[in-house]
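A.B. asks: Top to bottom, those sequences are chains A and E.
Using my numbering, read the first sequence as starting at 12 and increasing by one per residue.
Using my numbering, read the second sequence as starting at 12 and increasing by one per residue.
Using N, Cα and C, we set each Cβ at its ideal position, and we do this for glycine too.
Protein chains: 2
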Amino acid sequence: MTKTMKEMDVLRDHLAKHQLKLTRQRELILTAFLRQEHITAEAMYHQLAKKDPHLGLATIYRTLNLFCDAGIAQARHFGTQTQYDNISHKGHHDHLICTGCGTIVEFENCEIERLQEEVATKNGFVIQTHRLELYGLCSRCRH
Amino acid sequence: MTKTMKEMDVLRDHLAKHQLKLTRQRELILTAFLRQEHITAEAMYHQLAKKDPHLGLATIYRTLNLFCDAGIAQARHFGTQTQYDNISHKGHHDHLICTGCGTIVEFENCEIERLQEEVATKNGFVIQTHRLELYGLCSRCRH
DNA sequence: TATCCTCTTGAGACGGCTTATCAATTTCAA
DNA sequence: TTGAAATTGATAAGCCGTCTCAAGAGGATA
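1) Are A81(E) and L22(E) touching if we call contact CB-CB under 9 Å?
2) Tell me whether E18(A) is buried or exposed, calling it buried when 16 or more other Cβ atoms sit within 10 Å of its Cβ.
3) Give a yes or no on whether the minimum CB-CB distance between V21(E) and chain A is below 9 Å.
4) Looking only at C-alpha atoms, which of T140(E), A131(E) and L126(E) sits nearest to S150(A)?
5) Any Cβ of chain A within less than 9 Å of the Cβ of I138(E)?
6) Report back the beta-carbon spacing between L148(E) and F136(A) to the nearest angstrom; my notes put them in contact at under 8 Å.
7) What does N120(E) reach in chain A if we use C-beta pairs closer than 7 Å?
8) L33(A): buried (16+ other C-beta within 10 angstroms of its C-beta) or exposed?
9) How many angstroms separate the CA atom of I50(A) from the CA atom of G113(A)?
10) Check the Cβ of E144(A) against every Cβ in chain E and list those closer than 7 Å, keeping chain order.
11) If we count the other Cβ atoms within 10 Å of its Cβ and call it buried at 16 or more, is A60(A) buried or exposed?
12) Using a beta-carbon distance below 9 Å, is G135(E) in contact with chain A?
13) Whose Cβ in chain A lies nearer than 9 Å to the Cβ of G67(E)?
14) From the DSSP output, which residues share a beta bridge with Y146(A)?
15) For K14(A), would you say it is in contact with chain E, using Cβ-to-Cβ distances shorter than 9 Å as the test?
16) Alpha carbon to alpha carbon, how far is A43(E) from H141(A)?
17) Measure the CB-CB distance between E144(A) and D105(A) and report whether it falls below 9 Å.
18) What residues in its chain sit with their C-beta under 8 Å from that of E4(A), if we drop five residues either side in the sequence?
19) Per DSSP, E117(E) is paired with what?
20) Step through the CB atoms of chain A and report whether any lies within less than 9 Å of the CB of S99(E).
21) Between the beta-carbon of L126(E) and the beta-carbon of L107(A), is there less than 9 Å?
22) Quick one: complete alpha helix (DSSP H) runs, 4+ long, within the region 13-55 of chain A?
23) Is the beta carbon of I123(E) less than 9 Å from the beta carbon of I123(A)?
24) So that I know if they touch, is there some Cβ in chain E lying closer than 9 Å to that of C109(A)?
25) Helix, strand or coil for H57(E), going by three-state DSSP, please let me know.
26) Determine, using beta carbons only, whether H57(E) comes closer than 9 Å to chain A.
27) Taking only beta-carbon positions, decide if I71(A) is within less than 9 Å of chain E.
28) Which residues in the same chain as T47(A) place their Cβ atom closer than 8 Å to its Cβ, once the five residues preceding and following it in sequence are excluded?
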């Protein structure tokens, strides 16, 4: 079973549970979405314009938000725009963000993830996803 | 020397260095800002409406952004709004958020914070602030 | 302290991003 | 195949934050 199919099943499951329907547009957007780690609605709009010139921007926003509800995507506000992160990659990508120049460095740290699990367990939670963003100045912006 | 005075001096210093002026509004907003850990422009607008009904929202935005330039505050996008964090505030907490019922549990974990510093240093960053949110199901919502 | 140049303010216009509206279309269970 | 219900595309509307500009305030200088 490919990764794409796994996500598609998650979507199908969510749709069934909520009396929603699987449409051509939702399949198209999911397929495109799974090819990236994160993307904005606007960027996807341009990316898909070739494949379906009539696909509306509103539909993309609606669909990406649907993916968030289904647990496939996660919205992250950065600057004035919303980034939609692919959660299946997300588990291992946190962000260091320079408040000076906006540079984003991705990192992963198993030890931090382990401690997160520990905190969650201590509070009776089971983690589905998380968001960790460190804001500061990169070496260049400090001078 | 009180904490308020220390921040006020930082502001004065920044103003002097950039040929800016210390106004009644800037003093008022700084005093209010230092009383909180983080606040939105809109919230501060309502908070200060009693003290100065003519204080404009644009002035609050401009002033909070000025504080960011001066290194007193830090802007962080949260939801659709911008949160202005008080950088000198140390008692920072992170959040465990239940995706089932919306319950939010605050926690702090020194070990995680230490590891964050480590990651930042390794990448040449100096952290100003951070945000850590763990999303999952609480014990009640799992059943 | 009075003067004067410059910076700041307040009010509202403006612009970018996202969501709401609604008639036409599509999905899918029966 | 049919029909109720969900979805779509186009665009209007809404929200948040910034810009504009005339009126007002700060503060260096004498």
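C.D. replies: Looking at the coordinates:
1) The count along the second sequence starts at 1 and reaches residue 81(E) at position 70. The count along the second sequence starts at 1 and reaches residue 22(E) at position 11. Yes. Within cutoff.
2) As a position in the first sequence, residue 18(A) is number 7, starting the count at 1. Result: buried.
3) Here residue 21(E) refers to the residue found at position 10 of the second sequence. No, V21(E) lies away from the interface with chain A (no Cβ there is under 9 Å from its Cβ).
4) One-based indexing of the first sequence puts residue 150(A) at position 139. Checking every option, the nearest Cα to that of S150(A) belongs to A131(E).
5) As a working mapping, residue 138(E) is identified with position 127 in the second sequence. Cβ-Cβ to chain A under 9 Å: yes for I138(E).
6) On the second sequence, residue 148(E) is found 137 positions in, with the first residue counted as 1. On the first sequence, residue 136(A) is found 125 positions in, with the first residue counted as 1. About 7 Å; that satisfies the 8 Å criterion.
7) Stepping through the second sequence from its first residue, residue 120(E) is reached at position 109. Under the 7 Å cutoff, chain A gives L126 and V130.
8) For the purposes of this step, residue 33(A) is taken as the residue at position 22 of the first sequence. Exposed: under 16 other Cβ atoms inside 10 Å.
9) Taking the first sequence and counting its residues from 1, the one referred to as residue 50(A) is at position 39. Taking the first sequence and counting its residues from 1, the one referred to as residue 113(A) is at position 102. Going from the Cα of I50(A) to the Cα of G113(A) covers about 17 Å.
10) Here residue 144(A) refers to the residue found at position 133 of the first sequence. H141 and R142, listed in chain order.
11) Here the question's residue 60(A) lines up with position 49 in the first sequence. Exposed is the call here.
12) Reading the second sequence from its first residue, position 124 is the one you call residue 135(E). With 9 Å as the cut-off, G135(E) counts as an interface residue toward chain A.
13) If you number the second sequence from 1, residue 67(E) lands on position 56. Within 9 Å Cβ-Cβ: nothing; G67(E) doesn't reach chain A, min ~22 Å.
14) What you label residue 146(A) is simply residue 135 of the first sequence in a count that begins at 1. Its beta-bridge partners are I108(A) and T140(E).
15) Within the first sequence, the letter at position 3 stands for residue 14(A). Low local confidence applies: a pLDDT of 48 at K14(A) is under 50, so the model's placement there is unreliable, with the coordinate-based value given in what follows. Not closer than 9 Å to any Cβ of chain E, the Cβ of K14(A) fails to qualify, so no.
16) Taking the first residue of the second sequence as position 1, residue 43(E) is located at position 32. Taking the first residue of the first sequence as position 1, residue 141(A) is located at position 130. Computed Cα separation, rounded: 32 Å.
17) Counting from 1 along the first sequence, the entry for residue 144(A) is found at position 133. Counting from 1 along the first sequence, the entry for residue 105(A) is found at position 94. A contact, by the Cβ cut-off of 9 Å.
18) Nothing can be reported for residue 4(A): it is not among the residues displayed for chain A, which extend from 12 to 154.
19) For the purposes of this step, residue 117(E) is identified with residue 106 of the second sequence, where counting begins at 1. H106(E), per the DSSP bridge assignment.
20) Locating residue 99(E) in the second sequence gives position 88, counting from the first residue. No, because no Cβ of chain A sits closer than 9 Å to the Cβ of S99(E).
21) Start at 1 with the first residue of the second sequence, and residue 126(E) comes out as number 115. Start at 1 with the first residue of the first sequence, and residue 107(A) comes out as number 96. Cβ distance not < 9 Å, so L126(E) and L107(A) don't count as in contact.
22) 14-28 and 35-45
23) Here residue 123(E) refers to the residue found at position 112 when the second sequence is read from its first residue. Here residue 123(A) refers to the residue found at position 112 when the first sequence is read from its first residue. Yes, the Cβ-Cβ distance between I123(E) and I123(A) is below 9 Å.
24) As a position in the first sequence, residue 109(A) is number 98, starting the count at 1. Yes, C109(A) lies at the interface with chain E (some Cβ there is under 9 Å from its Cβ).
25) As a working mapping, residue 57(E) is identified with position 46 in the second sequence. H57(E): helix per DSSP, three-state reduction.
26) Taking the first residue of the second sequence as 1, we reach residue 57(E) at position 46. Not one chain A Cβ lies under 9 Å of H57(E).
27) Position 60 of the first sequence, counted from the start, is the residue given in the question as residue 71(A). Not an interface residue.
28) Your numbering for residue 47(A) matches position 36 in the first sequence. The sequence shown places Gln at residue 47(A), not Thr. Result list for Q47(A): N97, in chain order.
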